[in-house]
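The sequence shown lines up with residues 2 to 327 when you count with this note's numbering.
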Amino acid sequence: MSRVYDMRDPAARSRGIAAAVAALRRGELVAMPTETVYGLAADAGNAMAVEGIFLAKARPRFNPLIVHVESRAAAAAIATFSVDAERLAERFWPGPLTLVLPRRPGAAIAKAATAGLDSVAVRVPDDENAQALLAAFSGPLVAPSANRSGRLSATTASAVSEDLGDTVAVILDAGPTAIGVESAIVGFAGGEPLLLRAGGLARAAIEAAIGRELGTPASDPAAPTAPGMLASHYAPAAALRLDVASVEPGEALLAFGPAIPPGAERAAAVVNLSEAGDLEEAAARLFSALRELDRGVKVIAVAPIPREGLGEAINDRLRHAAAPRS
Ligand code: TXA
Ligand code: MG
């Protein structure tokens with residue numbers, strides 16, 4: 002049984018951090034709240050613990066993990082920073098931005114964590130509980146999203162335990178996560194900044210900070226082309242139909258904004274991501290809304306959602322969720 006601690010209760014919070022650190026030192030897995038989604042954390046330097054993450058998530062071994070650290074100084078011990086990377090870290094850390102950088106040869110990170118690559122993805126989370134855990138553990142933690150590989154990400158503690166059950170020793174329950182979509186991932190190819198994954202920090206903010214446009218990678222790193230991996234990710238059990246103009250009988254509806262598509266009155270269930278049409282509110286509710294609608298319906302119809310700001314990340318998640326399953 003996972004031990005769950007309510008991080009909103011001060012007494013439970015300090016016991017939770019102590020229990021989580023003890024579990025991490027034993028090589029066990031901890032559900033760590035962050036500002037984006039819940040992470041499934043393990044000691045980045047412990048190869049057995051890192052192996053435990055791949056097993057618990059049924060994650061393909063070629064998909065590397067993000068290393069979470071307390072500070073830019075801690076990140077600099079693991080990776081080398083270019084001028085642009087330095088500027089982004091200074092501007093946005095702690096925050097929902099992951100940087101893919103050359104890995105320092107001596108970095109105390111298990112090989113499996115970076116899938117044997119000579120690059121490493123690092124981020125400093127902007128969440129008081131994640132920060133407290135990193136400070137108390139005083140070492141880097143790898144943490145993929147705390148869900149089974151390919152499925153909807155977890156933005157609540159109950160979603161973590163539904164998905165991963167007893168494979169998690171300790172769950173730090175801090176309530177729903179604030180941003181609701183994963184960090185934006187920026188990498189550099191021959192010095193060119195690339196947006197590897199749209200996320201909880203909008204493209205325009207990143208571009209403004211470095212005064213350059215972000216390129217798009219030739220192939221989507223979140224959707225490797227190896228057999229069976231396809232583009233499918235963030236997938237509910239139901240199929241998704243995107244950018245719908247109307248709802249078919251029996252479908253569930255994921256709505257956005259004040260305009261409700263025709264046929265909504267016949268929908269099996271309706272959740273509006275943001276009646277006000279606010280993209281930040283919509284991102285925060287995206288994964289829990291999909292979980293809520295994914296109860297026995299065959300199809301979830303999704304209203305059009307603008308692509309600017311966090312809309313780019315929302316549409317990216319929906320596109321993957323709608324992709325054919327292997
Ligand atoms: O917001 C987040 O980033 C959350 C929270 C828990 O921090 N974590 C997260 O981890 O989304 P995960 O494992 O679900 O997604 C990590 C992504 C994957 O698409 C992986 O391929 C990419 O980061 N990645 C990791 N290391 C990489 C590397 N060296 N080069 C390119 N992509 C990398
Ligand atoms: Mg994930």
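By construction, the Cβ of each residue, glycine as well, lies at the ideal position given by its N, Cα and C atoms. Values in this document were obtained by computation on a predicted structure and should not be read as measured data.
Item, Value
"Hey, out of Val51, Phe82 and His234, whose CA is closest to alanine 144's CA?", "Val51"
"Who does valine 123 pair with in a DSSP beta bridge?", "Val68 and Leu100"
"Name the two residues that bound the continuous beta strand (DSSP E) containing isoleucine 172.", "171-174"
"Counting only runs that start and end within the region 26-53, where is the beta strand (DSSP E) found for 3 or more residues in a row?", "31-33 and 40-44"
"Taking proline 141 as the reference, give the member of Ala155, Ala45 and Gly200 with the closest Cα.", "Ala45"
"With a Cβ-Cβ cutoff of 8 Å, do serine 3 and proline 177 count as a contact?", "no"
"Answer yes or no: does any C-beta atom of chain B fall closer than 8 Å to that of threonine 37?", "Checking the listed chains, one finds no chain B in this structure; it contains a single protein chain."
"When the Cβ atoms of the region 311-321 are set against those of the region 277-292, are three or more pairs found closer than 8 Å?", "yes"
"Measure the C-alpha to C-alpha separation of arginine 267 and glycine 251 and round it to an integer number of angstroms.", "7 Å"
"Which value, in whole angstroms, describes the spacing of the CA atoms of proline 225 and alanine 12?", "Residue placement at proline 225 is flagged as unreliable, the pLDDT there being 49, under the threshold of 50; a coordinate-derived value is accordingly withheld."
"Taking the alpha carbon of arginine 204 as the reference point, which residue from Ala111, Phe189, Glu313 and Pro106 has its own alpha carbon closest?", "Glu313"
"Answer with buried or exposed for tyrosine 6, where buried requires no fewer than 16 other C-beta atoms within 10 angstroms of its C-beta.", "buried"
"Give the DSSP-derived three-state secondary structure of asparagine 273 in the structure shown.", "strand"
"Flag this pair as yes or no: are the beta carbons of asparagine 148 and methionine 8 separated by less than 8 Å?", "no"
"Beta carbon of proline 194, beta carbon of arginine 213: below 8 Å?", "yes"
"Relative to the C-alpha of leucine 98, which residue among Gly200, Leu66 and Ala116 is closest?", "Gly200"
"Under a three-way DSSP split, which group does aspartate 85 fall into?", "helix"
"Using a Cβ-Cβ cutoff of less than 7 Å, which residues in the same chain neighbour leucine 241 once the five nearest sequence positions on both sides are dropped?", "Ile301, Val303, Leu319, Ala322 and Ala323"
"When you compare the CB positions of leucine 135 and alanine 21, do they come within less than 8 Å of one another, or not?", "no"
"Closer than 8 Å by C-beta to alanine 210: which residues in its own chain qualify, once you throw out the five before and the five after it? Chain order, please.", "Arg88, Leu89, Arg92 and Phe93"
"Would the beta-carbon of arginine 149 be found less than 7 Å away from any heavy atom of the ligand TXA?", "no"
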